[in-house]
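**Q**
Residue numbers (full-length UniProt numbering): 1 to 155.
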């Protein structure tokens, strides 16, 4: 439960708030409710291991704890994340990680929807750069994962 909460909720927070949440608040709450939990559980150790962390670092992710947590969150989440990445560290890592299986688009491109549709059809990773404050409504089915394969077409 602790790892699921970590993946779902802490991505936007800094190191100190993350630690406060999982070490003090969430762990105490689980204990108070009588939910069994290994003492000293660390979400990063649950979500990844040394080999996974080394691979992320070799792909260009910085080796600090917050970056490794972010990489673990990204690789364990079921929903597609919105990355706010002013230092472009996550984007560099994703480009290396998904090299050969990645399409990068911007919503200002004329053919962005066609590229996105082809990527979904072919199971490719997509980065939508510079998405801005308003998200195009045609992305709603994609972002909510409401796209299903029906025959050879996606609806």
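Just so you know, even glycine gets a beta-carbon here, dropped at the ideal spot from N, CA and C.
Considering only DSSP beta bridges, list what residue 167 is partnered with.
**A** Nothing can be reported for residue 167, as the shown portion of the chain is limited to 1 through 155.
**Q** Between which residues of its own chain and residue 37 is the CB-CB distance below 8 Å, once the five residues before and five after are set aside?
**A** Reading the chain shown from its first residue, position 37 is the one you call residue 37. Correct list, in chain order: 1, 2, 27, 30 and 31.
**Q** Give me the Cα-Cα distance between residue 18 and residue 151, rounded to the nearest whole angstrom.
**A** The residue labelled residue 18 in the question sits at position 18 within the chain shown. The residue labelled residue 151 in the question sits at position 151 within the chain shown. When rounded, the distance between both Cα atoms is 44 Å.
**Q** Note down, in chain order, each residue of its chain lying with its Cβ closer than 7 Å to the Cβ of residue 72, except the 5 sequence neighbours on either side.
**A** As a first step, residue 72 must be located in the chain shown, where it is residue number 72. If we look at residue 72 and ignore the five residues flanking it on each side, its Cβ neighbours are 44, 47 and 48.
**Q** Quick check: residue 11 and residue 70, are their CB atoms within less than 8 Å of each other?
**A** On the chain shown, residue 11 is found 11 positions in, with the first residue counted as 1. On the chain shown, residue 70 is found 70 positions in, with the first residue counted as 1. Yes, the pair counts as a contact, with Cβ atoms nearer than the cut-off.
**Q** Assuming residue 102 and residue 124 are in contact, meaning their beta carbons sit under 8 Å apart, how far apart are those beta carbons, in whole angstroms?
**A** Position 102 of the chain shown holds residue 102. Position 124 of the chain shown holds residue 124. 7 Å between Cβ atoms; contact.
**Q** For residue 63, collect the residues of the same chain with a Cβ closer than 6 Å to its Cβ; drop the 5 residues on either side in sequence, then sort them by chain order.
**A** Here residue 63 corresponds to residue number 63 of the chain shown, with the count starting at 1. If we look at residue 63 and ignore the five residues flanking it on each side, its Cβ neighbours are 57.
**Q** Excluding five sequence neighbours on each side, which residues of the same chain lie with their C-beta closer than 7 Å to the C-beta of residue 67?
**A** The count along the chain shown starts at 1 and reaches residue 67 at position 67. Contacts found: 61 and 89.
**Q** With distances taken between CB atoms, is the gap from residue 104 to residue 127 smaller than 8 Å?
**A** Taking the chain shown and counting its residues from 1, the one referred to as residue 104 is at position 104. Taking the chain shown and counting its residues from 1, the one referred to as residue 127 is at position 127. Result yes, Cβ atoms of residue 104 and residue 127 sit closer than 8 Å.
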